[in-house]
Amino acid sequence: MKREEVFDGLRRSPKVDVCVIGGGINGLSVFRELALQGINVLLVERNDYCSGASSALSRMVHGGLRYLENGEFNLVKESLVERDRLLRNAPHMVAPLPTTVPVFSLFSGLANGAVRFLGLTRKPSRRGALAIKAGLSIYDFLTRKRALMPKHQFRGRQASLGKWPELNPAIKSSATYHDAWVSHPERIGIELLQDGMSANASARAVNYAELRRDASGVFAVHDHISGAAITIKPDLIVNATGGWIDMANATLFPKNALSAPLMGGTKGSHLIIDNAELLKALDGHMIYYENEDGRVCILFPYLGKVLVGSTDIRVDNPENVTCTPEEQDYILQSLAFVLPAIKIKPEEIVYQFSGVRPLPASKDQFTGRIPRDHFCTFVEHDNSGPPVLCMIGGKWTTFRSFGELAADMVLARLGRKRSLTTEDRAIGGGRDFPAERDAWISRVAGPTGLEEQRIDQLFQRYGTDAEVLAQFIAAGNDEAMPHPGYSRREILFLIRNEAVEHLDDILLRRTTLAISGELSLSMTDAVLGLLAAEKEWSVARRNDERAKFLCLLSERHGADIAAQSARNEEGDYHEKQQQGSDEPSFRQGALPRRGDRSRSVQ
């Protein structure tokens, strides 16, 4: 993943079979599919891998229960198949998630749901027990042959409040079924990239670069890091830029811009809340509930905190979307509706994120009715340029099947045949996943000399790829970091092997330090020191990187770790003073590291 090697190779041989633009989860998926078929494929990402919508999903891996109401049965069936494949192929990142739906009536939603299904109305409404029962029965039917998880069950009001006493007492009953969740979707993207490149020497990828076309029709990859521009000659382009598809087409082929847009987007925002009472109230379940306006919302345990979302708002420009105060109020209001006794303080919101769902263009007034399905279409811009395959729509759960669909269309256009399938192919650290976890940890710990607790920690993050990382850690002098769960050589491994170019790459996407609310100013500075040394940055460049990251974290994610660290240090100092000590106290690290992720099906 060394960018210098990528650009040197393109200088020597600018011919590529396929250039994929867009390094989100769908672009990475089609890249992996093509790489595994032996195609000379180049992926170009304008920013960092999985830095757009692919880092802003709800962290759910699900069939899409509510899409049944839209009549999208094929999408739900495909999503459930892909959900179950991810449970098998990426068990280090994807785990079962018991999900409970509070029910507030018996018959509500039946009539309106029927006319919505027939397309006679678009307005959302509350769903009662019978409507929920119908949907969950279809869910069970579609997964009956695989039966990886239990069938749904209903609880009466008394049993529901007995298990979740903080639920709104107005409930009539509750229904529990199982979907799944992903702990670190951005790492899945990195692993797809690594899987493709390790299988094919002619498969290359570069982030912080952009494909451009000059007036004479020549294509070049512009490197945003070095400023260099390298000419390439692609036979075919795959536009996997999601919400940016129309803008990318207009930039590359301005004379042949399409009259109608292919894409339309809606913004979804989420909050990460650090509230022990809220976490306990969930009892390990996701609560999948309807707000008073009929919009579906979720909250579930996530890395020791609680994830709550989301909104669904039309946006025209996918750049730099943020969670607005109005969205935050809406999410907190929905939370107050389903769990009215639990109060959330502003400082308990430790992180927030927003992304634009890459939906097909639609004029539907109600965003929840816009189809969530995906498809590909070829755009023949002119005779002088290569054909462009545009990947339209898609949800995170179906990235593999969407990538497969796009790759098959590319292969057919190139006159090539598929040589293997990825249906049962493990992803990254899901390879050779052990049935006996403790035995695997003991086996790896022996030769490396690392403590089993440390190996277990790495296994939680990287699956079986933890073995390579443990060997790297053991090969040099390691040091503790301000965060107790990380060490110097673990961070160095990520910097050297995972295309890290900026501080936010590692703190927001290669690790979960920021989103889990565990990032402190001291940890930020420690990671920056390692990155600056590796990149040989000047003091001015290092200070600029720090300032930009802290601004990004505050403005886009609502996390002011500089102010929080100052408050922590001041609090520690006053505590020392009260204890009769005049020695200053310097707090290192923020919140305790997260515990082991349970993989049991409850």
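Our numbering puts the first residue of the sequence shown at -15, with every later residue one more than the last. For each residue, glycine too, the CB sits at the ideal point set by N, CA and C.
query	result
If we count the other Cβ atoms within 10 Å of its Cβ and call it buried at 16 or more, is ASN223 buried or exposed?	buried
For ARG356 versus TYR51, is the C-beta spacing smaller than 8 Å?	yes
Mapping the DSSP letters down to three states, classify ARG421 as helix, strand or coil.	helix
Taking its Cβ as the centre, do 16 or more other Cβ atoms sit within 10 Å of GLU(-12), making it buried, or is it exposed?	exposed
To which residues does DSSP link ASP163 through a beta bridge?	LEU81
Which stretch, first to last residue, makes up the alpha helix (DSSP H) that contains ALA517?	505 to 519
Apart from the five residues on each side of it in sequence, which residues of its chain come closer than 7 Å, Cβ to Cβ, to SER584?	In this prediction, SER584 has a pLDDT of 32, which is less than 50 and means its spatial position is unreliable; what the coordinates show is noted afterwards. The answer is none, since no qualifying residue turns up.
If we require 3 or more residues per run, which beta strand (DSSP E) segments fall completely within the region 444 to 479?	none
Applying the criterion that 16 or more other CB atoms from any shown protein chain within 10 Å of the CB defines a buried residue, is ARG111 buried or exposed?	buried
Name the DSSP beta bridge partners of TYR272, please?	ILE282
So, does the region 164 to 172 touch the region -8 to 6, judging by three or more C-beta pairs under 8 Å?	no
Would you mind stating whether LEU515 and ILE490 have Cβ atoms separated by less than 8 Å?	yes
When we look at the beta-carbon of GLY625 and count the other beta-carbons within 10 Å, is it buried (16 or more) or exposed?	The structure shown has nothing for residue 625, since the chain only spans -15 to 586.
Per DSSP, which one or two residues make a beta bridge with ASN481?	BP columns for ASN481 are empty, so no partner.
Taking Cβ positions, are ARG427 and THR406 nearer each other than 8 Å?	no
By DSSP, does LYS(-14) sit in helix, in strand, or in coil?	coil
Identify which residue in LEU41, THR225, LYS61 has its Cα closest to the Cα of LYS379.	LEU41
I'd like to confirm something about HIS254: is its beta-carbon nearer than 7 Å to some heavy atom of the ligand SAM, or not?	The ligand content of the structure shown is nil, which means the ligand SAM is not present either.
Would you say the region 275 to 291 touches the region 144 to 154, given that touching needs at least three Cβ pairs under 8 Å?	no
Across which residues does DSSP place LYS217 in a beta bridge pair?	LYS(-1)
May I ask you to list the residues that DSSP assigns as paired with GLY112?	Answer is none; GLY112 lacks a bridge partner.
Considering only residues of the same chain and omitting the five flanking positions on each side of THR83, which have a CB-CB separation below 6 Å?	TYR161, ASP163, MET270, TYR272
With 16 as the cutoff for other CB atoms within 10 Å, does ASP509 come out buried or exposed?	exposed
Pull the bridge partners of GLU194 from the DSSP assignment, please.	HIS206
Please say whether VAL299 and VAL340 have beta carbons closer to each other than 8 Å?	yes
Could one say the Cβ of GLY48 lies closer than 8 Å to chain D's Cβ atoms, at least one of them?	Of the protein chains in this structure there is only one, and it is not chain D.
Could you check if VAL202 is buried or exposed, using at least 16 other CB atoms within 10 Å of its CB as the buried criterion?	exposed
Return yes when the Cβ of GLY414 is within less than 8 Å of the Cβ of GLY447, no when it is not.	yes
Looking only at its own chain, which residues have a Cβ that is under 7 Å from the Cβ of ASP440, when we skip the five neighbours before and after it?	ILE425
Under the DSSP definition of a beta bridge, which residues are partnered with ASN233?	The partner list for ASN233 (beta bridge, DSSP) is empty, contrary to what the question assumes.
For LEU442, does the three-state DSSP call read helix, strand or coil?	helix
Residue range of the alpha helix (DSSP H) that ILE328 falls in?	Run containing ILE328: none; DSSP gives neither H nor E here.
Does DSSP put ILE315 in a helix, a strand or coil?	helix
With respect to the alpha helix (DSSP H) encompassing SER13, which residues constitute its N-terminal and C-terminal limits?	9 to 20
Can you tell me which of the three DSSP states CYS34 falls into?	coil
To the nearest angstrom, report how far apart HIS206 and ALA454 are at their CA atoms.	36 Å
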